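Each protein sequence line maps, in turn, to chains H, P and V. Positions 1 to 351 (this note's numbering) are the ones given, in order, by the first sequence. Positions 1001 to 1249 (this note's numbering) are the ones given, in order, by the second sequence. Positions 2001 to 2469 (this note's numbering) are the ones given, in order, by the third sequence. Notes follow the structure.
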Amino acid sequence: MGDTNTIKLNTLPAATFRWLRMNDASCRVGTIDGSLEISEEFPCEVCAEGIRAPEVSGIRTGCGRAVDDLLAKENAAVRTYRIEDGEKAGHALRLDFPYGKSAGKANGVDIVLGAGSELVTVMDYTSEPDAEGFAAVRTKICAGAKSHLTLVQIVRVGEKMTFVNDVGVHLDDGAELSVIHLFLSGGKIYQGLQTALFGTGSTMRSDTGYIVRGGDLLDMNYNAVHTGKKTVSSMTVNGVLRDKASKTFRGTIDFVRGSAGSAGDETEDVLLLSDDVINRTIPLILCAEEDVSGNHGATIGRIPEDMLFYLSARGLSEKDIVRMLEKARLDAVIRRIPDEKTREQLSQYSK
Amino acid sequence: MSDSLLSIKDLRVRVEEKEILHGISFDIKPGETHVVMGPNGAGKSTLGNAIMGNPSYEVTGGEIFFDGRNLLDMAVNERAKSGIYMSFQNPLEVPGVTLGNFIKTALEQRTGEHVRIWDFRKKMLQAMSVLQMDPSYAERDLNVGFSGGEKKKAEILQLMLLSPSLAILDETDSGLDVDAVRTVSEGIRAFQKNQDSALIIITHNAAILNSLHVDATHILVGGKLVRSGDASLVDEISEHGFTAYETLS
Amino acid sequence: MTEEKTYVEDIDRSLYDFRYEDKDAWKVDEGLSADIIKTISREKNDPEWMREFRLRSLEIYNRTPMVDWGPDIEGLDMKNIVTYVRPNTKMTADWEDVPETIRDTFEKLGIPQAERESLAGVGAQYDSELVYHNVKKEVAEQGVVYTDLESAMHGPYAEMIRSHFMKLVPPTDHKFAALHGAVWSGGSFVYVPPGVSVEIPLQSYFRLNAPGAGQFEHTLIIVDKGAYLHFIEGCSAPKYNIANLHAGCVELYVGEDAVLRYSTIENWSKNMYNLNTKRAKVEKGGKVEWISGSFGSHVSYLYPMSVLDGEGSRSEFTSVTFAGKGQNLDTGCKVVHNAPGTTSYVNTRSISKSGGISTFRSSVVIGNKAKNSKSAVSCQSLMLDDISRSDTIPAMDVRTDQADVGHEARIGRISDDAVFYLMSRGLSEEDARALIVSGFADNVGKELPLEYAVEMNNLIRLEMKGSIG
């Protein structure tokens, strides 16, 4: 409080007991001296421009208003990428964010998909290992009717960096969104993902894999808001915590009245590999509609005893088993990346 | 006794607070196939789990020697590496690890040698065709979303490729339809062709044994071996069931 | 005696909704002030420490902010709540000595009959004071103490009470704990000596009759080493147009290897603000079992908490919440694992109907000391129409790698197939749905003594019949 450089983000859609300190996260914002020059590689079907897309203005993000305010205050550059109705991108739209030695950047990315278009977008955030400072990227997406978007975001920045990666998506009728999130390194990572399943029959699926080590922090706020009828969401989060890692996962399935025929599913599996980790999980199902089905499951802890026995019985030592299961968690997510080049780049993490 | 591959003496096993096996003894020589039969709850699976070293099954008495080594001193993975294999009744699902990669990793653990991917793939596809498994299963995550029958086949596939010196098949036939039982026993027969490998088949159903060579049969009732005999005992049980033995326990 | 009619749009709750005029009762003024607290303290003949405790709690109340999460409690204005209503009678151990209207109330609720048939002891509270308290001779002879807190504070257990009273739920816990500390009245004190197993349950029944009043009973139970007790709590009130408040407090101390089962069927009227705090502390090898059915109240905030302080201690929480028209029931539980080898098991069901809001809210905290601990939470919610609401807000905080935590939640509706199946066997749609809902709530039903399970099923049937047709 009082510190103007601290912002509150990742607010839980429905607050709970205050002493748990899970209702939101406080993030210290460092100096920002402009926007990063994004290294772009885009297919010919996509056109890029340096102004905001009016289509995304009402879209809300997972981190919340504070990030919008921050970008506005810092007058951050916003790049818009468009793909027109019916266009299918031949290869992935690649946006590389090389923060180098020091961060201090804020960027906005708007993506607009025309009806029936198809696009894979890969956003890759990297830095030198000893990079310092704060960086924020906000991505707002408006997906037209029956469009398909696969959004891959890979965070592997230095452990002295604080990184805010905020996403907000609006899906029209029949639009399909697949989000792939990989958190491989970073000092303090704040991830927001809010998806408005607005159109009838729109679907979203997210697959998240993470490893948090050292004294690093990962704070996530995922929110699937089912407004349209027959909408489907599925969120899978698998990760590993080592050393003194701290992780918070807020995951919400929100069935708004009128979202009849919708289904939401959320699973989290956390492998704890050190006695000093902090794991916080709060999976919400908010429901104001009768004709829906919502499920949530979480497994937190060590390798289950029967699993350990099964794998030992095949000749694996406990060390091998831990290594194998850790790798498996990332592999399962990496495998879903439709862009071969990105998959290959990540093979060092899955060897 | 020195020619025994597995030697069990007066084995007592407890699960939680309850003793399940009350002193079991028998020996298996290399190349032999033994059948352990018995009604539900007799302790058949307990026997297999005790040999494999499941921590939930506490050995409170007796001894198990395998290949001259005291098994009870060995960790589960050491037992596996020394050549013991158990097919699980309920194999576990391991997301993110493909069936093919998993068998390769386990094989490398067992042999301590790097496995050449090309040779391995060839062998695996061969084994899969014996088991009438679609080759795409090799690329699927271990047991994830497999049906009951597919899981059992995946266990036999591992058996065929890991070629252990002692295999324990724990109710491999349960929940399988007639065709699947036939396919699975094809796989087991292929394993039996290896002259030195011994086999313990735990079952309460004789169907799987129809096409297999059996050297000895043990009847387990109420945690005790009430009778041991040759293959003809299987037919006797098929005809008369376990009733005659239940009073003996 | 004047038996009032209930509102036509409401379901038939006449079983609980009868009420008597309280012209004979003595009450303090509405609202809260140091003077009111002093008056209550004087009326109750408090020992000096208690008088100070009340005044300190009032100070804490005044400086503690309102909760900023959960259901809206704007309709509750403390200025209008009468915190102390003394019925015009003294506590007795003979129903014959209880004034007729009050005795009638409890007769209608079936309490004396239950006492004769299936209980080891009964306490009955009417508004702010106990009017009846009795324990079976055989049980008393085993050294079991079951009495009202007020007289216990002046008896041989005075020290025990002083060292336990609001130590588990301190007035600083939250605003309504502070309020409770200031104005508490009535409730029970139970002590079960080491090794004593109380074979049949004890029961306390709380009846709030006065309009605009608050009930603030305090239940303090100490189950010593290796002892066993099943305690049942029941509550009801007639419906008024003005808000009533219940801010009770339950503190349970479960000793080494002791087991305490605490069952509640809560059926407050639908103008009640039920802001109750329940907490158990469990020593080595001990176990607390919470069985909880929440059917009444306008607004509820209820999260019984288990503090697993002793190695190998356990907590089981089984509950069902049914939120109908005009109800906002925010229920759930909290578990803190503080010691190695502790286990917690949570199994809850919630049902929302006719615009009711039910929220399942929980927290499971596994501290670093709680090696080899296990927690399993399962919550299921049923939506019976599309004007109601059902939220699930479970939190987990795990701080050791040597723990196993599992959580599952499911929300859905009654399957058409199930209704069709039952109707094909000759049930009406209404009966089919009621049967399915009763089955859904069976996690609690099968844990309750038969009479209470029957009462619970009646409540469900009442709620179910309210809407259709």
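For each residue, glycine too, the CB sits at the ideal point set by N, CA and C. All values derive from a computational prediction rather than experimental measurement.
Helix or strand or just coil, what does DSSP make of residue i?
i, result
"Y99/H", "coil"
"R1189/P", "helix"
"I1200/P", "strand"
"G108/H", "strand"
"L2149/V", "helix"
"T2101/V", "helix"
"L2130/V", "strand"
"H1022/P", "strand"
"P2394/V", "strand"
"M1052/P", "helix"
"Y2061/V", "helix"
"P2201/V", "coil"
"I1028/P", "strand"
"F2106/V", "helix"
Taking the straight line between their C-alpha atoms, what separation do you get for residue i and residue j?
i, j, result
"N2062/V", "L2076/V", "16 angstroms"
"E2455/V", "S2294/V", "13 angstroms"
"W2069/V", "S1087/P", "52 angstroms"
"N1049/P", "D1196/P", "22 angstroms"
"N2338/V", "V2288/V", "15 angstroms"
"R2433/V", "V2320/V", "17 angstroms"
"P2201/V", "V2139/V", "11 angstroms"
"A2178/V", "E2059/V", "8 angstroms"
"K1193/P", "Y2421/V", "54 angstroms"
"D1177/P", "T1243/P", "26 angstroms"
"A196/H", "M1128/P", "45 angstroms"
"Q2402/V", "K2371/V", "5 angstroms"
"M2066/V", "M2305/V", "20 angstroms"
"I2468/V", "G2296/V", "Annotation note: pLDDT 36 at I2468/V (below 50); position unreliable, coordinate value reported separately. If I take the Cα positions, the gap works out to 20 angstroms."
"M1/H", "R323/H", "Residue placement at M1/H cannot be trusted, given a pLDDT of 38 that sits under 50; the coordinates are not used to answer."
"L2032/V", "G2285/V", "43 angstroms"
"A2418/V", "I2436/V", "8 angstroms"
"R1012/P", "L1225/P", "12 angstroms"
"G2187/V", "Q2142/V", "22 angstroms"
"M1124/P", "S1136/P", "11 angstroms"
In chain V, which residues lie less than 7 angstroms from residue i when you measure between Cβ atoms?
i, result
"N279/H", "V2398"
"A288/H", "R2389"
"A14/H", "D2391, I2393"
Mind pulling the chain P residues with CB within less than 7 angstroms of residue i?
i, result
"G315/H", "N1077, A1080, K1081, A1106, Q1109, R1110"
"R329/H", "G1096"
What in chain H is Cβ-close to residue i, meaning under 9 angstroms?
i, result
"M1160/P", "Here the premise fails: no neighbours, minimum Cβ distance about 14 angstroms."
"N2368/V", "D275, D276"
"L1199/P", "Residues of chain H passing the Cβ test: none, with the nearest at roughly 16 angstroms."
Name, please, each residue of chain H whose Cβ falls closer than 7 angstroms to the Cβ of residue i.
i, result
"M1128/P", "Here the premise fails: no neighbours, minimum Cβ distance about 18 angstroms."
"V1088/P", "For clarity, residue 1088/P is Phe in the given sequence; the question names Val instead. Going along chain H in sequence order, the residues near F1088/P (Cβ under 7 angstroms) are Y310."
"M1052/P", "A313"
"D2257/V", "Per Cβ cutoff of 7 angstroms: no residues; D2257/V is ~26 angstroms from chain H at best."
Starting from residue i, find everything on chain V with Cβ-Cβ shorter than 9 angstroms and list it in chain order.
i, result
"L20/H", "S2363, V2365, A2395, D2397"
"R257/H", "D2386, I2387, R2389"
For a contact meaning CB atoms closer than 8 angstroms, what does residue i contact in chain H?
i, result
"L2384/V", "E290"
Residue i versus chain P: which residues are under 9 angstroms apart at the beta carbon?
i, result
"D320/H", "N1077, T1105, Q1109"
The stretch 2403-2418 of chain V: positions lying closer than 8 angstroms to chain H by Cβ: A2403, D2404, V2405, G2406, H2407, E2408, A2409, R2410, I2411, G2412, R2413
Residues of the stretch 294-309 of chain H whose Cβ lies closer than 9 angstroms to any Cβ of chain P, in chain order: Sequence-ordered contacts of the stretch 294-309 of chain H with chain P read P304, E305, D306, M307, L308, F309 [C-beta pairs closer than 9 angstroms].
Pull out every residue of the stretch 1095-1107 of chain P whose Cβ sits closer than 8 angstroms to any Cβ of chain H, in chain order. P1095, G1096, V1097, F1102, T1105, A1106
Which residues, in chain order, does the stretch 1057-1072 of chain P contribute to contact with chain H at a C-beta distance below 9 angstroms? Listed in sequence order: no entries.
Counting only Cβ-Cβ distances shorter than 7 angstroms, please list the residues of the stretch 210-239 of chain H near chain P, keeping chain order. none
Residue ranges of each beta strand (DSSP E) run of no fewer than 3 residues wholly in the stretch 130-211 of chain H, ordered along the chain? 132-143, 148-156, 160-171, 176-185, 188-197
Along the stretch 2068-2079 of chain V, what residues have a CB closer than 9 angstroms to any CB found in chain H? D2068, W2069, G2070
Give me the subset of the stretch 2043-2060 of chain V whose CB atoms are less than 8 angstroms from a CB atom of chain H, sorted by chain position. none
Please list the residues of the stretch 2307-2326 of chain V that have a C-beta atom closer than 8 angstroms to any C-beta atom in chain H, keeping them in chain order. Correct list: empty, as no residue qualifies.
Taking any Cβ of chain P, which residues in the stretch 332-350 of chain H have a Cβ under 7 angstroms from it, in chain order? A332
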